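Q: I am attaching a structure below and will ask some questions about it afterwards.
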């Protein structure tokens, strides 16, 4: 496989012909505007491609997507599928010679079934918009990446996105029943079911989820729509002297059998930055924010409060939705508080929950060794940490990569994984082999080739170091 | 790919050499006893292989499994992986020339982590035994096939097994975090994580689950161990005049936002057979048994009772565990009540929950058309029906296959699937293409070849019509 530099292709088509073929098939859904091309060079990872793609196409129908893929196959042109561009690993960044296939015009909720607790959607629908449309039916779509106000369901599927609610409500893989997928050669297939259960053949639905645009183009998804949890929520905000203490409290909460809907942990330097940003009076230390929902919310939150206090946390408990919202404002201010400091590399390791205190200690050591600050927040209920590396300039400097490298290896040593919910994309390819090993990586590449024998789907991403 | 009839193999080894190589490597873990060979000709599907396999090996360690697979690869000998032999689709049935790899000696619980809510097990551990060993830790493994007293966790993984609790607690795929797998050529790989989240590369863990022994040999599994739900259970047993009425009541219960742990529906002819077997006074009609657990059990069961009564159900509600157990005795007597009538083909279609009444109607029509009785029970919470076909003699007669064929096509027409939890195995291969289509079936075969290029893992099963 190679990137697009190898034009003209085997079929003798040159780049102008590709654009002309696309225009013939899709008309004004094809753009070569500088602004459109330029936008596709980056996502929210901080990485910018050195070159712009060939063309951006924005298909309106499944037939349009099939036409694009047939032209791409015929002309051996690489295709980067892209939703809202909110990815954090460079998976939807496009470069010279590539077709960007934007899903943003395929953004409809096609069907809602309250009885079957499912919805059928197009990939370009925004997460928040889907939930707004489901709410009148008393339903919701559980995966909730922090970007949900602007990110697409197709993007969730591409990365197996998580969010704040995963420990209780699951990740994207648990929320998708079936997919319609256009293959690299333009054929349309249906994977999975409308049913809750189904074991007919290999689970290609699960294989697609998290495949980051390397296997096919999702054009329709049948997703679970859960009933909205009735009743009040109760929220605890607790301060601890150290992040290790806060992490220990979060472990005790889960170990005591409580099931928070959300449990967010804010590390010491992260909390300092947030306090600066919000102009709070902050004595130092770490913050743990825990929310319970459902009929047991009050009882469970009181039990959690007792645990927190017995472990030295200074905490407030609020059953009031507006006050809950205010407590979460602290957590929501994390990204803006960091973004104003410079370019940010948002990392995403996941460790077994019990290893959370050890992982925070390891990050502290790396901070001291490299003389840098690594503001970190964590979805404590599932051991998923987001350490943030701040740097000047467009490119991640070597000492930051060296620090990130140590952090990844620490996570792997603790039984963890390189990425909990963001994916490999461009930016984590160099560590993929450390986790999978050579043999598994080769097996994954072979499966990729079964779906995409010409290597035109998102070449250079995920599998290629 | 071919079955074993093509011996001597490419390497020139004959069958005696294969057994000798296995004995050299595994000593007394290798058996050619008639009784062992004969047992591997059947499972619980009612189907019996016309011939006995070559040899049964019962490895004790991962290294043993690797040795078996190396010999199988070297001699091109097919391998059928087998747990407790409780499958219902013929997936672990072995024939002439095949090595049976029994997982039954690899039956240990290797690790329990209460903090990380996980257990590490070998594939041969019996489901009930795992739960007995987890109980002192306050944990349980949720997948609960009806065979759980005698079936293995490896078997659950091979078929993505479900059971009574899936609507609330998920199927096997939701319960497995990671797998150690020996490939066809003897290499050992690790798929997945110990973490709750993880998106490093393609999801090979999910691909393995439900692959019915066609991709590799699972030698270790890291599974979720949930905290035991505290508090009482409450159970409703309700009689309805017709199965359509009972199915409608089950749909109303879910539609009203209640989340039963178990909701079992017993069709009319099934209920008649159970009443005969238990010598109950039975006026006819269908039975719905609903169980709630957790802190809301009593409140939820009272709401469900009101729905049932408003729909014409005659019901009793019991919060007493012993009485609950007695109510479930009716459901548990279904299989013995049918088994004494003759050979039984236990089918396993799944439809969207809202289509449950329509599917029962379709089964009623097939009963009338063919002049046969199709006693049916259903896991109503997830639309999974088990229609049972009773016949005389060892082979399924043509008119029974014809009736089953109509039933499968009805399920597909209603948006359902051929198999909710039993798998394709040998017995459903002929309908696989109806559900997947030619293109997807070919893609599945190609992925199978990536894992097993020589086609020695469970040849003739699942993918080959």
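Chains as they are written, first to last, in our numbering: chain A, 1 to 465; chain B, 466 to 930.
Note that the Cβ used here is the ideal one computed from N, Cα and C, for glycine as well.
Remember, it's a predicted structure, so these values are computed and weren't measured experimentally.
Taking the alpha carbon of residue 755 of chain B as the point to measure from, which residue in B:715, B:776, B:746 has its own alpha carbon closest?
A: Stepping through the second chain from its first residue, residue 755 of chain B is reached at position 290. Ranking the options by Cα distance to residue 755 of chain B, first place goes to B:715.
Q: Using a 10 Å radius around the Cβ and a threshold of 16 neighbouring Cβ atoms, would you call residue 864 of chain B buried or exposed?
A: Indexing the second chain from 1 puts residue 864 of chain B at position 399. Exposed is the call here.
Q: Smallest Cα separation from residue 36 of chain A: which of A:15, A:58, A:47, A:352?
A: Position 36 of the first chain holds residue 36 of chain A. Among A:15, A:58, A:47, A:352, the Cα nearest to that of residue 36 of chain A is on A:58.
Q: Distance, Cα to Cα, residue 516 of chain B vs residue 506 of chain B?
A: Taking the second chain and counting its residues from 1, the one referred to as residue 516 of chain B is at position 51. Taking the second chain and counting its residues from 1, the one referred to as residue 506 of chain B is at position 41. Near 7 Å, if we compare the C-alpha coordinates of residue 506 of chain B and residue 516 of chain B.
Q: Starting from residue 683 of chain B, trace the alpha helix (DSSP H) both ways and give me its first and last residue.
A: Within the second chain, residue 683 of chain B is the residue found at index 218, counting from 1. First-last for residue 683 of chain B: 682 to 689, but that is the beta strand (DSSP E), not the alpha helix (DSSP H).
Q: Can you give me the C-alpha to C-alpha distance between residue 220 of chain A and residue 247 of chain A, rounded to a whole angstrom?
A: For the purposes of this step, residue 220 of chain A is taken as the residue at position 220 of the first chain. For the purposes of this step, residue 247 of chain A is taken as the residue at position 247 of the first chain. Near 40 Å, if we compare the C-alpha coordinates of residue 247 of chain A and residue 220 of chain A.
Q: Kindly indicate the opening and closing residues of the alpha helix (DSSP H) around residue 468 of chain A.
A: A query on residue 468 of chain A cannot be resolved here, the shown segment of chain A reaching from 1 to 465 and no further.
Q: According to DSSP, residue 896 of chain B sits in a beta bridge with which residue or residues?
A: Within the second chain, numbered from 1, the residue matching residue 896 of chain B stands at position 431. Bridge pairing for residue 896 of chain B: absent [DSSP].
Q: Using 8 Å for Cβ pairs, my map puts residue 556 of chain B next to residue 623 of chain B. What's the rounded Cβ distance?
A: Here residue 556 of chain B refers to the residue found at position 91 when the second chain is read from its first residue. Here residue 623 of chain B refers to the residue found at position 158 when the second chain is read from its first residue. About 7 Å; that satisfies the 8 Å criterion.
Q: Any beta carbon of chain A sitting closer than 8 Å to that of residue 598 of chain B?
A: For the purposes of this step, residue 598 of chain B is taken as the residue at position 133 of the second chain. Not closer than 8 Å to any Cβ of chain A, the Cβ of residue 598 of chain B fails to qualify, so no.
Q: Could you compute how far the alpha carbon of residue 468 of chain B sits from the alpha carbon of residue 923 of chain B?
A: For the purposes of this step, residue 468 of chain B is taken as the residue at position 3 of the second chain. For the purposes of this step, residue 923 of chain B is taken as the residue at position 458 of the second chain. For residue 468 of chain B, the predicted structure reports a pLDDT of 41, less than 50, and the residue's modelled location is therefore unreliable. A value from the coordinates is still provided. Distance between the alpha carbons of residue 468 of chain B and residue 923 of chain B is about 9 Å.
Q: For residue 889 of chain B, which residues in chain A fall below 8 Å Cβ to Cβ?
A: In the second chain, residue 889 of chain B corresponds to position 424, counting from 1. Residues of chain A passing the Cβ test: 199, 200, 201.
Q: Check each residue of the stretch 149 to 175 of chain A: if its Cβ is closer than 8 Å to any Cβ of chain B, include it; give the result in chain order.
A: Cβ contacts with chain B come from 159, 160, 162, 166, 167, 170, 171, 173, 174.
Q: Give the straight-line distance between the Cα atoms of residue 401 of chain A and residue 265 of chain A, rounded to the nearest whole angstrom.
A: Indexing the first chain from 1 puts residue 401 of chain A at position 401. Indexing the first chain from 1 puts residue 265 of chain A at position 265. Approximately 24 Å, taken between the alpha carbons.
Q: Determine the contact status of residue 197 of chain A and residue 621 of chain B, defining contact as a CB-CB distance below 8 Å.
A: Start at 1 with the first residue of the first chain, and residue 197 of chain A comes out as number 197. Start at 1 with the first residue of the second chain, and residue 621 of chain B comes out as number 156. Against a cut-off of 8 Å, the Cβ pair of residue 621 of chain B and residue 197 of chain A comes out as no contact.
Q: Quick one: grab the DSSP three-state call for residue 559 of chain B.
A: Locating residue 559 of chain B in the second chain gives position 94, where the first residue counts as 1. Three-state result, residue 559 of chain B: coil.
Q: Looking at C-alpha atoms only, which residue of A:222, A:199, A:206 is the closest neighbour of residue 664 of chain B?
A: Locating residue 664 of chain B in the second chain gives position 199, where the first residue counts as 1. Of A:222, A:199, A:206, the residue nearest in Cα terms is A:206.
Q: Determine the closest residue to residue 766 of chain B out of B:838, B:545, B:789, with distance taken between C-alpha atoms.
A: Position 301 of the second chain, counted from the first residue, corresponds to residue 766 of chain B. Selected option, being the one with the closest Cα: B:789.
Q: Kindly provide the ranges of any alpha helix (DSSP H) runs that are 4 or more residues long and lie completely inside the stretch 312 to 388 of chain A, ordered along the chain.
A: Annotation note: the stretch 312 to 388 of chain A contains the following uninterrupted alpha helix (DSSP H) runs of length 4 or greater, listed N- to C-terminal: 321 to 332, 334 to 339, 356 to 370.
Q: Which whole-angstrom value describes the C-beta separation of residue 916 of chain B and residue 649 of chain B, a residue pair presumed to lie in contact below a C-beta threshold of 8 Å?
A: The residue you call residue 916 of chain B lines up with position 451 of the second chain. The residue you call residue 649 of chain B lines up with position 184 of the second chain. Yes, they are in contact, since the Cβ atoms of residue 916 of chain B and residue 649 of chain B sit about 7 Å apart, within 8 Å.
Q: Going by DSSP, name the residue or residues bridged to residue 545 of chain B.
A: Start at 1 with the first residue of the second chain, and residue 545 of chain B comes out as number 80. Partner(s): B:565.
Q: I'd like to know if the stretch 114 to 129 of chain A and the stretch 212 to 229 of chain A are in contact, where contact means that at least 3 CB-CB pairs between them fall below 8 Å.
A: yes
Q: For residue 658 of chain B, go through chain A and note every residue whose CB falls closer than 7 Å to its CB, in chain order.
A: Here the question's residue 658 of chain B lines up with position 193 in the second chain. Taking a Cβ-Cβ cut-off of 7 Å, the neighbours of residue 658 of chain B in chain A comprise 417, given in sequence order.
Q: Per the DSSP calculation, residue 531 of chain B is bridged to which residue(s)?
A: Looking up residue 531 of chain B in the second chain gives position 66. Its beta-bridge partners do not exist; DSSP assigns none.
Q: Comparing C-alpha positions only, which one of A:464, A:363, A:358 sits nearest to residue 415 of chain A?
A: The count along the first chain starts at 1 and reaches residue 415 of chain A at position 415. It is A:358.
Q: Candidates A:47, A:298, A:440, A:68: which alpha carbon is nearest residue 321 of chain A's?
A: Residue 321 of chain A sits at position 321 when you count from the first residue of the first chain. Relative to the Cα of residue 321 of chain A, the nearest Cα in the group A:47, A:298, A:440, A:68 belongs to A:298.
Q: Is residue 254 of chain A buried or exposed, if buried means 16 or more other CB atoms sit within 10 Å of its CB?
A: Numbered from 1 along the first chain, position 254 holds the residue referred to as residue 254 of chain A. Its Cβ being crowded by 16 or more others within 10 Å, residue 254 of chain A is buried.
Q: Are there 16 or more other CB atoms within 10 angstroms of the CB of residue 98 of chain A, so buried, or fewer, so exposed?
A: The residue given as residue 98 of chain A occupies position 98 in the first chain. Answer is buried; the Cβ neighbour count reaches 16.
Q: Residues of chain B with CB closer than 9 Å to the CB of residue 456 of chain A, please, in chain order.
A: For the purposes of this step, residue 456 of chain A is identified with residue 456 of the first chain, where counting begins at 1. Per Cβ cutoff of 9 Å: no residues; residue 456 of chain A is ~17 Å from chain B at best.
Q: Who are the neighbours of residue 722 of chain B on chain A, taking C-beta pairs under 8 Å?
A: Taking the first residue of the second chain as 1, we reach residue 722 of chain B at position 257. In chain order: 138, 227, 230.
Q: Residues in its own chain within less than 6 Å of residue 717 of chain B by CB, not counting five upstream and five downstream?
A: On the second chain, position 252 is the one that residue 717 of chain B refers to. The residues are 772.
Q: Select from A:367, A:423, A:433, A:382 the residue whose C-alpha is nearest the C-alpha of residue 406 of chain A.
A: Indexing the first chain from 1 puts residue 406 of chain A at position 406. If we check each option's Cα against that of residue 406 of chain A, A:367 comes out closest.
Q: Does the beta-carbon of residue 460 of chain A have 16 or more other beta-carbons within 10 angstroms, so that it is buried, or is it exposed?
A: Taking the first chain and counting its residues from 1, the one referred to as residue 460 of chain A is at position 460. Counting Cβ neighbours within 10 Å, residue 460 of chain A comes out buried, since at least 16 surround it.
Q: Considering only C-alpha positions, which residue in the set B:798, B:777, B:704, B:708 is nearest to residue 748 of chain B?
A: For the purposes of this step, residue 748 of chain B is taken as the residue at position 283 of the second chain. Measuring from the Cα of residue 748 of chain B, the nearest candidate turns out to be B:704.
Q: With DSSP run on the structure shown, which of helix, strand or coil describes residue 669 of chain B?
A: As a first step, residue 669 of chain B must be located in the second chain, where it is residue number 204. Three-state result, residue 669 of chain B: helix.
Q: Taking Cβ-Cβ distances below 8 Å as the criterion, which residues of the stretch 581 to 593 of chain B are in contact with chain A?
A: 581, 582, 583
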